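Visitor:
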Amino acid sequence: MPARPSPALHRFALLTAGATLLLLVAGALVTSNDAGLAVPDWPLSYGRLMPPMVGNIFYEHGHRMVATFVGLLTVILALWLWRREPRRWVRRLGLAALGAVILQGVLGGLTVLFLLPRPVSLAHASLAQIFFCLAVTLAAVTGRSWQEEKPRLLDTDSPSLRQLAEAATLMLFVQLLLGAAYRHSLTSIVPHLVGAAGVTFVVVRVVNHVRALEWRPRELWRPASALAGLVAVQLLLGPAAYLARLAAIESPQPTVLMVALTVAHVAVGGLALAASVVLALYCHRRLAVPAPRLGAAPSPEKMVA
Amino acid sequence: MNKRQLLSGATLLLLLFYAGCGGAEKPAVTETAATEAPAGPPVDPATAATVTGKVVFKNGKPRANRLRMDADAACAALHGQPVFSDEVVINDNGTLRYVFVYVKSGLGNYSFPAPKEPAVLDQHGCLYTPHVIGVQTNQDVKILNSDQTTHNIHPVPSVNREWNTSMPPGAEPLIKSFPREELLIPVKCNVHPWMKSYIGVLKHPFFAVTGADGSFTIKGLPPGDYTIAAWQEKFGTVEQKVTVGAKETKSVDFTISPPAGAGD
């Protein structure tokens, strides 16, 4: 069945993705302020729905409130998709997002009840990014641009742009996990630094590849430009956040500068992942993989029907 | 309902079950061995000796870190003047406060039943008072909240059980104990991240915390050869050996220096 774009559904999916980014920020505020156990019970907070929002309770309960809001949005989005979306895979993606947000809530509860076991905390951080990717994907594929039928570009390079975009997405995801592992004291900073070098290398290749296209579809150029800009900002924010963390070691409490830089680093990392996801999705949508061929060498890009 | 749905439902229920059973405490460690009092004779009071002394700080005066309490207006309102961290407190006479001094070794096979009186740790002025305390294994620790704001008390031990309990204003005192010897257990309030304290847990009663004059006194020691240790949260532990005879009082002074490059 051909998909009929629903602007309202797309806007709602965008709202869900935006709220999820806000949730990532709220989660980073909890970790950076060492507020993970400021509320010792779950699912209620101090036995009630609304505890006194003092000290670090503000961050921990605020995180729970934003999470509840995102959960509610996801329920509505999944139901909306189930009822109105003609593409079965998109409906299933909506259900997957719903399952992920429920599991994420349970993992968040387990981190509180079991006093921040590091593997569970890392799983919570990982699933947060996966859920964000799902929300971004739903926002992308419900848009009018996605559903327009256009001729595909043939990308004959090896590795192809599609492969590079997928590699960038995977590496960004792993990089965000390495950052979370460092913040949760599971690893040193070294794996995160190595990851930064790898991500930068792949992103530069991705952007160069998009720039080299004779005809640059807006759907590829915009996320690629955003990805390049966001990674550049990350390369500034990362060292700044690390230095601020080192400077805060002697401080009896988290410093405002360390918290601000770390949260910004996490948020921009999430946005970079989102840009990479959108780019990889549109590479699948707008680029064609060349069929195995015999004979003549192909031109770099061709339009295919 | 097909198999896949059943499996998904069972997984979710299992997770919820574990979440519900978790409480605010980590799974218990085996404590049988720790709770058994060591068999041995009591100390003869007629021969008991005393070790006394002070802990001197050498080489400069580290800058005290100011605490920011503005995250909780109730805390900020309690203090008319700037409040500084108790991490390193240099007394006027150049000695160090909040140093935990204890007998590290040499006690042999004496038995030391836990005192009936609890040690008291208060949350007062959005600070832990006192900053460092010592208790015996299985001795009660009475935790108070004298503030008009909510605290949570959260020890982070290595070998004892970790727990995290909220204490709203006017809460009943909380009674806890630690069955295993551990030096020293950090205690924090996750609501107010500047609040930190330490609890030293020993099998014997021979410990003291230096006060406003930097001195300590350890009484009731049986005659013998001992290693006395002095622990400071920022600068670590220093040790000295001492021999005391029956009814003897020996003076042991410690000197603690910041590592090269620290302080000012």
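Line order of the protein sequences matches chains W and S.
If you're matching positions, the first sequence starts at 714 in the numbering used here and goes up one per residue.
If you're matching positions, the second sequence starts at 12 in the numbering used here and goes up one per residue.
Don't be surprised by glycine CBs; every beta carbon is placed ideally from N, CA and C.
Quick caveat: nothing in here was measured; it's all calculated off a predicted structure.
1) What distance in whole Å lies between the Cβ atoms of S/Ile239 and S/Val253, which are believed to be in contact at a cut-off of 8 Å?
2) Return the chain-ordered list of same chain residues with a C-beta closer than 8 Å to the C-beta of W/Phe725, the five sequence neighbours on each side being excluded.
3) Give, in chain order, every residue of the region 718 to 752 of chain W whose Cβ lies closer than 9 Å to some Cβ of chain S.
4) Give me the Cα-Cα distance between W/Leu728 and W/Pro718, rounded to the nearest whole angstrom.
5) Output, in chain order, the set of chain S residues within a Cβ distance shorter than 8 Å of W/Val976.
6) Looking at chain W, is there any beta carbon in it that lies within less than 8 Å of the beta carbon of S/Trp242?
7) Does DSSP classify S/Gly211 as helix, strand or coil?
8) Start and end of the alpha helix (DSSP H) containing W/Phe914?
9) Which one of S/Gln147, S/Glu183, S/Glu192, S/Asn156 has the shortest CA to CA distance from S/Pro168?
10) With 8 Å set as the bound, which would you pick, yes or no: does the beta-carbon of W/Ser898 sit closer than that to a beta-carbon of chain S?
11) In the DSSP assignment, what are the bridge partners of S/Lys187?
12) Applying the criterion that 16 or more other CB atoms from any shown protein chain within 10 Å of the CB defines a buried residue, is W/Met884 buried or exposed?
13) What's the call for W/Leu956, buried or exposed, on a 16-neighbour Cβ count within 10 Å?
14) Out of W/Val916, W/Gln817, W/Gly784, W/Leu736, which one is the CA nearest neighbour of W/Leu874?
15) Looking at the structure shown, is W/Arg958 part of a helix, part of a strand, or coil, going by DSSP?
16) Mapping DSSP to helix, strand and coil, what is S/Arg79?
17) So W/Pro764 packs on W/His774, CB below 8 Å; how close in whole Å?
18) Using the Cβ count rule (16 or more neighbours within 10 Å means buried), how would you classify W/Ala1010?
19) Compare the C-beta of S/Lys37 against all C-beta atoms of chain W and say whether one is closer than 8 Å.
20) Taking S/Asn3 as the reference, give the member of S/Lys199, S/Ile186, S/Gly222 with the closest Cα.
21) Could you tell me whether any Cβ in chain S is nearer than 8 Å to the Cβ of W/Gly775?
22) Return the first residue and the last residue of the beta strand (DSSP E) that S/Val143 is part of.
23) What does the alpha-carbon distance come out to for the pair S/Pro270 and W/Ala880?
24) Output needed for W/Ser839: all residues of its chain with C-beta closer than 6 Å, excluding positions within five of it in sequence on either side, in chain order.
25) Measuring only between beta-carbons, confirm whether W/Val767 sits less than 8 Å from chain S.
26) Name the DSSP bridge partner or partners of W/Met778?
27) Under 7 Å: does the beta carbon of S/Ala57 sit that close to some heavy atom of the ligand FMN?
28) Using alpha carbons as the reference points, say which of W/Trp859, W/Gly760, W/Val969, W/Trp802 lies closest to W/Arg931.
29) Exposed or buried, which one is S/Asp224 when buried takes at least 16 other CB atoms within 10 Å?
30) Using DSSP with H/G/I as helix, E/B as strand and the rest coil, what is W/Pro1013?
31) Are the C-beta of S/Asn70 and some C-beta of chain W separated by less than 8 Å?
32) Taking the DSSP output, what are the residues bridged to S/Asn163?
33) Give me, in chain order, the residues of the same chain whose beta-carbon lies closer than 7 Å to that of W/Met714; leave out the 5 immediate sequence neighbours on both sides.
34) Going by DSSP, which residues form a beta bridge with S/Val131?
35) Please list the segments of the beta strand (DSSP E) lying wholly inside the region 233 to 273 of chain S, counting only runs of 3 or more residues, in order along the chain.
36) Just how far apart, CA to CA, sit W/Thr733 and W/Val783?
Guide: From the atom records:
1) Separation of the CB atoms of S/Val253 and S/Ile239 is rounded to 6 Å, and the pair is thereby assigned contact status at 8 Å.
2) Leu786, Ile789, Leu790, Trp793
3) Asn746, Asp747, Ala748, Gly749, Leu750, Ala751, Val752
4) 16 Å
5) Ordered by position in chain S, no residue passes the 8 Å Cβ test against W/Val976, which lies about 15 Å from the chain.
6) no
7) strand
8) 903 to 925
9) Ranked by Cα distance from S/Pro168, the options S/Gln147, S/Glu183, S/Glu192, S/Asn156 are led by S/Glu192.
10) no
11) S/Val152
12) buried
13) exposed
14) W/Val916
15) helix
16) coil
17) W/Pro764 to W/His774, Cβ: 6 Å. Contact.
18) Residue placement at W/Ala1010 is flagged as unreliable, the pLDDT there being 43, under the threshold of 50; a coordinate-derived value is accordingly withheld.
19) Since pLDDT at S/Lys37 reaches only 41, below the 50 mark, its modelled position is unreliable, and the value read off the structure follows with that caveat. Yes, S/Lys37 lies at the interface with chain W (some Cβ there is under 8 Å from its Cβ).
20) No answer is possible for residue 3 of chain S: it lies beyond the span of chain S, which begins at 12 and ends at 275.
21) no
22) For S/Val143, the uninterrupted beta strand (DSSP E) run begins and ends at 143 to 147, by DSSP.
23) 47 Å
24) Only Leu890 meet the Cβ criterion.
25) yes
26) Paired residues: none, contrary to the question.
27) Questions concerning the ligand FMN fall outside what the structure shown contains, since it holds no ligand whatsoever.
28) Out of W/Trp859, W/Gly760, W/Val969, W/Trp802, W/Trp859 has the C-alpha closest to the C-alpha of W/Arg931.
29) It counts as exposed.
30) Only weak support is given to the placement of W/Pro1013: the predicted model assigns it a pLDDT of 40, under 50, and the value that follows is read from those uncertain coordinates. It is coil, neither helix nor strand.
31) no
32) S/Ser177
33) Confidence is the limiting factor: at W/Met714 the pLDDT is only 46, short of 50, which leaves the residue's position unreliable, though a coordinate-based value still follows. Correct list, in chain order: Pro799.
34) S/Lys153
35) 235 to 243, 247 to 255, 260 to 262, 265 to 267
36) 6 Å
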